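Same order as they appear, the protein sequences are chains B and D.
Residues 90 to 436 (the numbering used here) are what the first sequence spells out, left to right.
Residues 90 to 436 (the numbering used here) are what the second sequence spells out, left to right.
Even glycine gets a Cβ: it sits at the ideal position worked out from N, Cα and C.
No experiment lies behind these values; they were computed from the predicted model shown.
2 protein chains.
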Amino acid sequence: MMTPSHHAYVPFVSVDKMMKLVLTLGIERVLLDLVAEIEADFRRWPEFDKTARVASHSDVGVIELMPTSDGETYGFKYVNGHPSNMKNGLQTVTAFGLLADVATGYPVLLSEMTILTALRTAATSAMAAKWLAPAGATTMALIGNGAQAEFQALAFKAVCGITEVRLYDIDPAATAKCVENLAGRGLRTVACTTPEQAILGAQIITTVTADKQYATILTDNMVGAGVHINAVGGDCPGKTELHRDILLRSGIFVEYPPQSRIEGEIQQLPADHPVTELWQVIAGTATGRTDARQITLFDSVGFAIEDFSALRYVKSKLAETGLFDNLDMIADPNDPRDLFGMLLRAA
Amino acid sequence: MMTPSHHAYVPFVSVDKMMKLVLTLGIERVLLDLVAEIEADFRRWPEFDKTARVASHSDVGVIELMPTSDGETYGFKYVNGHPSNMKNGLQTVTAFGLLADVATGYPVLLSEMTILTALRTAATSAMAAKWLAPAGATTMALIGNGAQAEFQALAFKAVCGITEVRLYDIDPAATAKCVENLAGRGLRTVACTTPEQAILGAQIITTVTADKQYATILTDNMVGAGVHINAVGGDCPGKTELHRDILLRSGIFVEYPPQSRIEGEIQQLPADHPVTELWQVIAGTATGRTDARQITLFDSVGFAIEDFSALRYVKSKLAETGLFDNLDMIADPNDPRDLFGMLLRAA
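Now the structure itself:
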């Protein structure tokens, strides 16, 4: 049997290789690099093919495909969201992604994205805060101490200079896990027993909980003037974290409005409620924070371009690290018309 | 480092394993099995989540995602269509696909689908002809002798009892390749030098060409009464194979009208031109061929449910054949909330 051509092989980054890649480069460096990549792609936002993600909902969760393209490279992510998974010992969110060459349609990268999604979500959160949070912020409340919490904490340390993280979760074991994982990483961690205690003195409040239901992690009276809210957990229809009144007092920043109107905190508001697109703040065509007393809210749901940026970053690191395998995924006969002959010759 | 749990591994069918699987089972048996699977799923058509595929078009081709779900299993295919690839030694169509568990969102199969798509497309074509072609058909014209041609020929032999295939391609080398590949497989092959010669005496005409442009592979005067046309190659906006007048004389059968109106031969017709959904013929709720003189046309563009059926079939054969690898694609820490800890422990 002939050896498949190089087109047949797709570089594949397994979970194991992704962990090695992140540890080799350093977690905080990866987070900083991802912010740079995502920011660069947000600046050229109009160049991308954009579409709200394609969701398949069930009673217990959602499976989504998130495609985008910049005309040269196509990317998509497969991602699920199943809040009930956790009690069965499974991840709430798992993901993998792919890049392909627009000119040929051939895949050029397949990668795990469960870890990469946690990294890119944290990087996007910190990037937004870099543009929106009050000047000199040093303390962040982190409400929801699950799978994504430590990534958020380190991103805000690396990107925004946060020095203290105040942790709260309805399950104290989650908070304890978080405190332990963050030990020795240059962040002061404070385990809190109420959300009110967590937000004490915090200039930034991050909510990253997982319940698939209208929840009220933050009520209106908890949020003072000047705070930046990074609302990560409300990310599908029927799943929100903030009381509606907070939204009415906030300057709201979103990724892609057609998707955020369906999935974000702003699903609680009329469809014409004003929001600002984050990319425009970064590109300099819209105003970010207007004054020190404004409450800014990044209503994050996650958008395909962030995954695209992250996948391209991973791809750029493969040659130097060798941290990938070649996957025999694309049938590529010597004569492209002879697919059947290739099959016969495999006998 | 701990061994990943079984959830971390996704069974993966590579190109090599797919070829071995098909050859082990037998090509015609696989085609017959696929018809049975696709037919069973078409009978329960209303149970599926259906959506037109999500296409990303460029000047040279298209990249598509084709998701569906039956409420228990979710599936999607990635597929490209790049007619210009062939002259660069690449496949016009490459594909891979995935199945996942709706209850958890965890993937349960990743598979090459370049070969599988050729098989499922041929199986779907032959299935439609089984329901629509004139009784006693023995001869098929096969216009377009590229990567999918032999699969079509064998499917019509196995499923419809075709004994003679009359081959035509604008490139005689493609026809010669086809004749050679089909030798000794129980089909009489006739290499033809014009489309008119190919359709001589044929009760079924299959067009499976690849040009991304409005083409006229068949003109109106070439198609006589009673013929069944299996139009496979017209499958995206701006890509058709039949003269419009043929459509006006035919009973037209399609897979999923919202997609076929955009991509199929019927993009040449007004949006309200009557068509019949093939699944309804199979389920007994719509009429197929009305009489011996009717021209029936299966305006095939390929629909996600066919891929779903094919992927489920492949999955059902893995335990007995062992023809798969385990891919470390899903991060699955022992404590689902401790994704970060898993990363740290990989050091």
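- DSSP places K404(D) in the uninterrupted alpha helix (DSSP H) bounded by 393-405.
- Here DSSP, grouped into helix, strand and coil, assigns P223(B) to coil.
- In the three-state scheme derived from DSSP, where H, G and I count as helix and E and B as strand, H96(D) is classed as helix.
- Following the DSSP letters along the chain, one finds E128(D) inside the alpha helix (DSSP H) bounded by residues 116-132.
- Setting aside the 5 residues that flank it on each side, V248(D) is surrounded in the same chain by V124, A215, K219, each with a C-beta closer than 6 Å to its C-beta; the list follows chain order.
- Between R426(B) and A236(D), the C-beta spacing is below 7 Å.
- By the 16-neighbour rule on beta-carbons within 10 angstroms, E352(D) is buried.
- Here DSSP, grouped into helix, strand and coil, assigns A141(D) to coil.
- Following the DSSP letters along the chain, one finds I371(D) inside the alpha helix (DSSP H) bounded by residues 367-372.
- Remark: C-beta atoms of I232(B) and A287(B) approach each other more closely than 7 Å.
- Exclusion of the five residues before and after M175(D) leaves T181 as the residues of its chain whose Cβ lies within less than 6 Å of its Cβ.
- Per the Cβ contact rule, the segment 189-207 of chain D is in contact with the segment 147-162 of chain B (3 or more Cβ pairs under 8 Å).
- One Cα belongs to T308(B), the other to T329(B), and the distance between them is close to 12 Å.
- Counting C-beta atoms within 10 angstroms of its own C-beta, P100(D) has 16 or more neighbours from the protein chains shown and is therefore classed as buried.
- Between the alpha carbons of F387(B) and A375(B) lies a distance of about 15 Å.
- Not flagged as an interface residue toward chain B: R255(D), since no C-beta distance is shorter than 7 Å.
- Contact between the segment 401-413 of chain B and the segment 106-124 of chain B is established, with three or more Cβ pairs separated by less than 8 Å.
- Taking C-beta separations shorter than 8 Å and ignoring five residues to either side along the sequence, the partners of T227(D) in its chain run G250, I251, T252, E253, Q292, following chain order.
- C-alpha of A242(B) to C-alpha of G373(D): approximately 59 Å in a straight line.
- The beta strand (DSSP E) runs of length 3 or more contained entirely in the segment 285-336 of chain B are, from start to end of the chain, 293-296, 303-307, 317-320, 329-331.
- The Cβ atoms of E366(B) and L331(B) do not sit closer than 7 Å to each other.
- Per DSSP, the continuous beta strand (DSSP E) segment holding L198(B) begins and ends at 196-201.
- In the DSSP assignment, E153(D) falls within the beta strand (DSSP E) that extends over 151-158.
- If you check each beta-carbon in the segment 418-432 of chain B against every beta-carbon of chain D, the ones closer than 9 Å belong to M418, I419, A420, D421, P422, N423, D424, P425, R426, D427, L428, F429, G430, M431, L432.
- Residue-level contact check: A435(D) touches chain B, since one or more beta carbons of chain B fall below 7 Å from its beta carbon.
- Contact annotation for A192(B) against chain D: V149 [CB-CB distance below 7 Å, chain order].
- Rounded to whole angstroms, the Cβ separation of S349(D) and I318(D) is 14 Å, and the two are not in contact under 8 Å.
- Proximity of Y402(D) to chain B, defined by a Cβ-Cβ separation below 7 Å, is not satisfied.
- For the options A263(B), T298(B), V297(B), N270(B), the alpha carbon positioned closest to that of C281(B) is the one of A263(B).
- Under the Cβ criterion of 7 Å, M155(B) is not counted among the residues facing chain D.
- Listed along chain B are F429, each with a C-beta nearer than 7 Å to that of F240(D).
- Between Y345(B) and E126(B), the C-beta spacing is not below 7 Å.
- In the assembly as shown, L289(B) is an exposed residue. Its beta-carbon has fewer than 16 other beta-carbons within 10 Å.
- Residue environment for N310(D): exposed (fewer than 16 other C-beta atoms within 10 angstroms of its C-beta).
- The C-alpha of K139(D) is placed about 8 Å away from the C-alpha of P156(D).
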